[in-house]
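Structure first, commentary second.
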Amino acid sequence: MFETPERIFVVMEKLKGDMLEMILSHDKGRLDERVTKFLISQILIALKHLHSKNIVHCDLKPENVLLSSDAEFPQVKLCDFGFARIIGEKSFRRSVVGTPAYLAPEVLRNKGYNRSLDMWSVGVIIYVSLSGTFPFNEDEDINDQIQNAAFMYPSNPWKEVSSDG
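Per my numbering, residue 4 is the first one in the sequence shown, and the count goes up by one each step.
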């Protein structure tokens, strides 16, 4: 960062990779188990760091996961902290933030949320990465499906996923 009396300049690294969202929209729409495991472990490490600082991302989704290169196992960078909140370990927030398909049930029920919101979002990212589809029926109200745990498990996309992951 560089600051002048009139302006602030922020210099960021140039990433040669893509958003996880773009990778999932290509080819067969899903990732290999090994790649998914690698990327998710990095997302979890990043969240562990954020959560240790009492920061909750609140809008974790494939569009907000950047890949540093086009390599098979690239480094992950989280972005778009526009909805991020400072939330203590034992405190909760009630404002509804985030993208509907990745929102946790407690957010939709207005029961308050904490770091668990990010963990729920990671679960949805894993599902989408491995199956190539959302766990919800797009023709029905997504909020009702999330609150009632009405997830889809069509057998077809899961045939290639091993039982031990």
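Just so it is clear, CB atoms sit at the ideal spot from N, CA and C, and this is done for glycine as well.
Through-space distance from residue j to residue i, alpha-carbon basis
{"i": "residue 49", "j": "residue 10", "result": "30 Å"}
{"i": "residue 117", "j": "residue 152", "result": "19 Å"}
{"i": "residue 155", "j": "residue 8", "result": "55 Å"}
{"i": "residue 85", "j": "residue 67", "result": "11 Å"}
{"i": "residue 138", "j": "residue 144", "result": "13 Å"}
{"i": "residue 107", "j": "residue 76", "result": "28 Å"}
{"i": "residue 119", "j": "residue 126", "result": "11 Å"}
{"i": "residue 73", "j": "residue 41", "result": "14 Å"}
{"i": "residue 18", "j": "residue 82", "result": "12 Å"}
{"i": "residue 4", "j": "residue 63", "result": "25 Å"}
{"i": "residue 3", "j": "residue 14", "result": "Since the displayed the chain opens at 4 and closes at 168, residue 3 lies outside it and no answer follows."}
{"i": "residue 115", "j": "residue 51", "result": "20 Å"}
{"i": "residue 31", "j": "residue 43", "result": "19 Å"}
Sequence-distant residues of the same chain with beta carbon closer than 7 Å to residue i, five excluded per side
{"i": "residue 111", "result": "146, 149, 150"}
{"i": "residue 165", "result": "36"}
{"i": "residue 65", "result": "22, 23, 24, 27, 128, 131"}
{"i": "residue 140", "result": "148, 155"}
Residue i - containing beta strand (DSSP E), residue span
{"i": "residue 80", "result": "79-81"}
Closest Cα partner of residue i within the set the options
{"i": "residue 90", "options": "120, 122, 57", "result": "57"}
{"i": "residue 87", "options": "157, 78, 102, 76", "result": "102"}
{"i": "residue 53", "options": "113, 122, 42, 126", "result": "122"}
{"i": "residue 135", "options": "4, 157, 167", "result": "157"}
{"i": "residue 61", "options": "140, 141, 105, 29", "result": "105"}
For residue i, the first and last residue of its enclosing alpha helix (DSSP H)
{"i": "residue 126", "result": "119-134"}
{"i": "residue 25", "result": "23-28"}
{"i": "residue 169", "result": "The structure shown does not extend to residue 169, since the chain is modelled only from 4 to 168, so the question has no answer here."}
{"i": "residue 158", "result": "158-161"}
{"i": "residue 147", "result": "145-150"}
Sequence-distant residues of its chain with Cβ nearer than 8 Å to residue i (five each side left out)
{"i": "residue 133", "result": "33, 34, 36, 39, 160, 161, 164"}
{"i": "residue 170", "result": "Because the chain is modelled from 4 through 168, residue 170 falls outside the range shown and cannot be assessed."}
{"i": "residue 47", "result": "125"}
Residues near residue i by beta carbon distance below 6 Å, same chain, minus five either side
{"i": "residue 20", "result": "70, 71, 72, 73, 77"}
{"i": "residue 12", "result": "5"}
{"i": "residue 109", "result": "116"}
- [ ] Identify every run of the beta strand (DSSP E) within the stretch 31-83, keeping only runs that are complete inside it and at least 3 residues long; order them along the chain.
- [x] 68-70, 79-81
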